[in-house]
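Structure first, then comments.
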Amino acid sequence: MKITDVKAVFPDYKHVVPSWRTNFWQIVVRVESNVGVVGFGYGGGGIASVEIINRHLKEYVVGQEVNSVTDIAMIWDMLYNASMPYGRKGLAIMALSGVDLALFDLLGKAESKPVYDLIGGAKREKVFSYATGANSELYHKLGYKAHKFPHRWSGSEADYDTAVETADKTRDMFGPDRDVNDRHLHVLGQAGYYRNGETTFSI
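Structure below.
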């Protein structure tokens with residue numbers, strides 16, 4: 097199976113949830129093949145990633161054979177090396193990931209297999225998930241076992257108080273046996289510097 101076209105687009109998000117990061121700047125990558133199978137992948141980086149794919153990475157992918165996971169790995173290495181002058185992380189990797197996922201989707205469809213079978217098969221029947229947002233009560237009712245909550249964070253010491261207060265409320269709602277984390281992933285740890293150990297540990 098040979099790649100005949102690659103196109104990335106940045107969707108016109110008309111209905112976004114007014115919370116935290118609205119659409120994550122997600123792009124959609126479409127990969128077409130000479131056998132009529134089409135693969136789709138999602139990456140990040142918005143319009144900048146779209147330009148990287150449509151104006152640079154595409155020229156390396158079109159014409160490549162994709163008949164195995166090894167072929168996809170080879171293409172990944174090629175795109176990584178091609179983007180090295182401006183990449184290795186950030187936008188280039190976000191763009192590359194969209195192409196990579198589209199190629200896996202393409203191969204899975206061509207072989208009538210889910211992608212997890214292509215990479216070694218399912219290892220578990222359930223996948224752990226957590227809720228991100230301010231509505232702790234709703235997430236608790238929905239049965240989530242973990243919650244990442246938002247709060248103001250400007251870097252000032254006063255924001256530690258906000259973080260701890262929000263953590264207290266979230267912990268009260270979720271109880272002692274569920275995971276609670278702040279969306280900044282570091283604020284509560286630093287809050288320990290400004291409080292006694294007993295208070296920090298209890299959160």
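Counting from 97, one number per residue, gives the positions in the sequence shown under the working numbering. Cβ atoms here follow ideal geometry from the backbone N, Cα and C, with glycine treated the same way.
- Residue state for ASN277 is assigned as strand, using DSSP reduced to three classes.
- The beta carbons of PHE245 and THR262 sit closer together than 8 Å.
- In this structure, VAL146 is the residue among VAL146, GLY141, VAL131 and GLY139 with its C-alpha nearest to the C-alpha of LYS103.
- Proximity of the segment 181 to 196 to the segment 142 to 156 meets the contact definition, three or more beta-carbon pairs being nearer than 8 Å.
- Around VAL133, the same chain offers MET97, LEU202, LYS205 and ALA206 as residues with beta carbons nearer than 8 Å, after the five sequence neighbours per side are excluded.
- If the five residues before and after LYS265 are omitted, its C-beta is found closer than 8 Å to the C-beta atoms of SER232, all from its own chain and listed in chain order.
- Listed in chain order, the non-local C-beta contacts of VAL131 below 6 Å within the same chain comprise MET97, local neighbours out to five positions each way being set aside.
- Under the DSSP assignment, ASP173 falls in the alpha helix (DSSP H) whose first and last residues are 165 to 178.
- Scanning its chain for C-beta atoms nearer than 7 Å, with the 5 sequence neighbours on each side dropped, one finds around HIS236 the residues MET269 and PHE270, in chain order.
- Secondary structure in the segment 207 to 233: the alpha helix (DSSP H) runs of 4 residues or longer, each lying completely within the stretch, are 211 to 214 in chain order.
- In the DSSP annotation of this structure, SER129 is not part of any alpha helix (DSSP H); the continuous beta strand (DSSP E) holding it starts and ends at 123 to 129.
- Distance from the CA atom of PRO107 to the CA atom of GLY159, rounded to whole angstroms, is 26 Å.
- One thing to note: TYR226 has its Cβ within 8 Å of the Cβ of HIS243.
- A Cβ-Cβ distance of about 4 Å is found for the pair VAL125 and GLY194, placing them in contact under the 8 Å criterion.
- Cβ-Cβ separation between GLY142 and TRP172: approximately 21 Å, too far for a contact (criterion under 8 Å).
- Leaving aside the five residues that flank ALA198 on each side, the residues in its chain whose CB is nearer than 6 Å to its CB run, in chain order, VAL125, VAL127, GLY135, PHE136 and GLY137.
- A direct Cα-Cα distance of roughly 41 Å separates MET180 from ALA254.
- VAL162 is positioned such that its CB atom lies no closer than 8 Å to that of ILE215.
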